Every structure is written in structure tokens, then in C-alpha cells.
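In the numbering used here, the protein residues as written are 7 to 238.
Heads up: the structure comes next, in C-alpha cells.
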């Protein structure tokens, strides 16, 4: 999760306070680390964040006699660990999850509906209009959000796995979450053609591919983490 400017300023102030609590050896340890970091291209936000974590650990370690070397090795090794520390995963809010789910489901539904229409023996172009696909993707996005919110959120790093619902409750939540999606998608197919036009299959597929491209760009740009097919 990215730090806000206020949170970053608070950590800067906390770092200064923690520095006054260090022993001479630990103070020299941090001084040596900063010399290495000054020669790197490390972003200031990351430097403040990583040093804050380190300073807290050093101050706590002083209470029990744990040395900086025991915690982090040499100053060079500690600085290298800071420079190469992975960026924290971005916070996946309701809006981000819904957007990611919608874009992915719109891609899948667009391609599936178009292929069914293209290979249909009845000669019908597609089985669903574009509005039905949009509504299906939106309702499906919400269904998958509910499943993540009440089940898979407990599989994420740092979550309390003991709160994850058992098999029967999980099955019930998933069933109830999917019902609205199926109902909305089914009812949307009965919308009149003037509000639910059936597009040419190739155009619908093109829209799906373009949507996937937008999703790919957003994931690279803003580091979206997909919750639909995340590793369990």
C-alpha cells in the first residue's frame, strides 16, 4: 500500500525520534547504511519506510541485547536488502477489485458469446446483445467480489486464516454469490434490441480483446492484483 504524504511525514518524524534512542554502535550502523543508500537511486519514500522498520527493530533489539549485526548482518548487506526490498502490494479497494473483475469478465463473455454465435447452427450472430454482456460482466464482478470478501481474503498474506469459513459455509456463500449473476445475465437477454443491440461477432471479440488490453495496461501501470484467479 502506498504511503500518503502525511503518513510519510509521520514516519520521518518517528525515524528522527528512534535515532535518538540508538546506542553508539547502532547509530554508527545506521550512519554506514545511509552512506551506501546515498549512492543509490533509491526512492525517498522507500528509504524512509525501510529505515523505519529497521530502526524499530534495532530499538527493540537493544532491550534484549540483540545486535544490529545479528538482525541485519553488515551495513552493506543491510543496505543491499533495503535497495532490493520488494515493493509492498497495492491495497485492493472495492473499486479496484470491481474494475479488474469487470474487465476480465467482459473479455471472457465477449469472446464466448461471439464464438457461440459464429459456430451456431441456427445462424444467429450472437446469443447475447452488448448490454447483456456489460450487465453480465458487472453483476459477475460483484459476485466474485463477494466471494473474495467473505472467503479468499483469509488466504492473503497476513490474514487470519482461522477466520476462513469451513467447507459447507464456503459452498453456501459461493452459491448465494453466483445466483444474482446468473439471474441478471439471464434477464438481460430479454432486453429489447433497441437497448441491447446484437453486434457482429468479430466486433464483439475485438471489444473483448481491447478490454483485456486495457486491463493489462492498468495492472502494469497501477499494479492491480487480480483476486479472481489469485494463488490460494
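Heads up, the beta-carbon is just placed ideally off N, CA and C, and yes, glycines get one too.
Since the model is a prediction, treat every value here as computed from it, not as a measurement.
Which residues in the same chain have their Cβ closer than 8 angstroms to the Cβ of residue i, if we skip the five residues on either side of it in sequence?
i, result
"residue 186", "145, 148 and 149"
"residue 151", "100, 103, 104, 107 and 233"
"residue 53", "43 and 88"
"residue 214", "112, 113, 114, 115, 116, 117 and 120"
Near residue i, which residues of its chain fall below 7 angstroms by C-beta distance, leaving aside the five closest residues on each side in sequence?
i, result
"residue 98", "231 and 233"
"residue 115", "139, 142 and 143"
"residue 12", "none"
"residue 165", "159"
"residue 59", "none"
If you count every other CB in all the chains shown that lies within 10 Å of the CB of residue i, and 16 or more means buried, which is it?
i, result
"residue 49", "exposed"
"residue 154", "buried"
"residue 237", "Because the pLDDT of residue 237 is 49, which lies under 50, any placement of that residue in the model is unreliable, and the question is left without a value."
"residue 40", "exposed"
"residue 207", "buried"
"residue 229", "exposed"
"residue 88", "buried"
"residue 36", "buried"
"residue 111", "buried"
"residue 198", "exposed"
"residue 172", "exposed"
"residue 183", "buried"
"residue 17", "buried"
"residue 61", "buried"
"residue 64", "buried"
"residue 78", "buried"
Just confirm the distance between the C-beta atoms of residue i and residue j, as a whole number of angstroms; I'd bet it's less than 8 angstroms.
i, j, result
"residue 158", "residue 179", "With a Cβ gap of about 10 angstroms, residue 158 and residue 179 do not count as contacting."
"residue 137", "residue 194", "7 angstroms"
"residue 32", "residue 74", "5 angstroms"
"residue 201", "residue 142", "About 15 angstroms separates the two Cβ atoms, so there is no contact after all."
"residue 217", "residue 109", "5 angstroms"
"residue 51", "residue 28", "Not really, about 22 angstroms apart at Cβ, beyond 8 angstroms."
Just to confirm my understanding: we take residue i, look at its own chain, exclude 5 residues before and 5 after, and list those with CB closer than 6 angstroms. What are they?
i, result
"residue 85", "39, 42 and 43"
"residue 72", "none"
"residue 167", "160"
* What are the uninterrupted segments assigned as alpha helix (DSSP H) that are 4 or more residues long and contained completely in the stretch 30-97, given in chain order? -> Counting only runs of 4 or more, we get 30-44, 50-70, 74-78 and 81-89.
* Flag this pair as touching only if the stretch 38-46 and the stretch 18-30 have three or more C-beta atom pairs under 8 angstroms; answer yes or no. => The answer is no - the stretch 18-30 does not touch the stretch 38-46, with fewer than three Cβ pairs under 8 angstroms.
* **beta strand (DSSP E) segments (min. 3 residues) lying fully within the stretch 134-164** => Residue ranges of uninterrupted beta strand (DSSP E) with 3 or more members are absent from the stretch 134-164; none lies entirely inside it.
* To do: Tell me the start and end of each unbroken alpha helix (DSSP H) in the stretch 167-237 that is at least 4 residues and wholly inside, in chain order.
  => The qualifying runs are 173-194 and 207-228.
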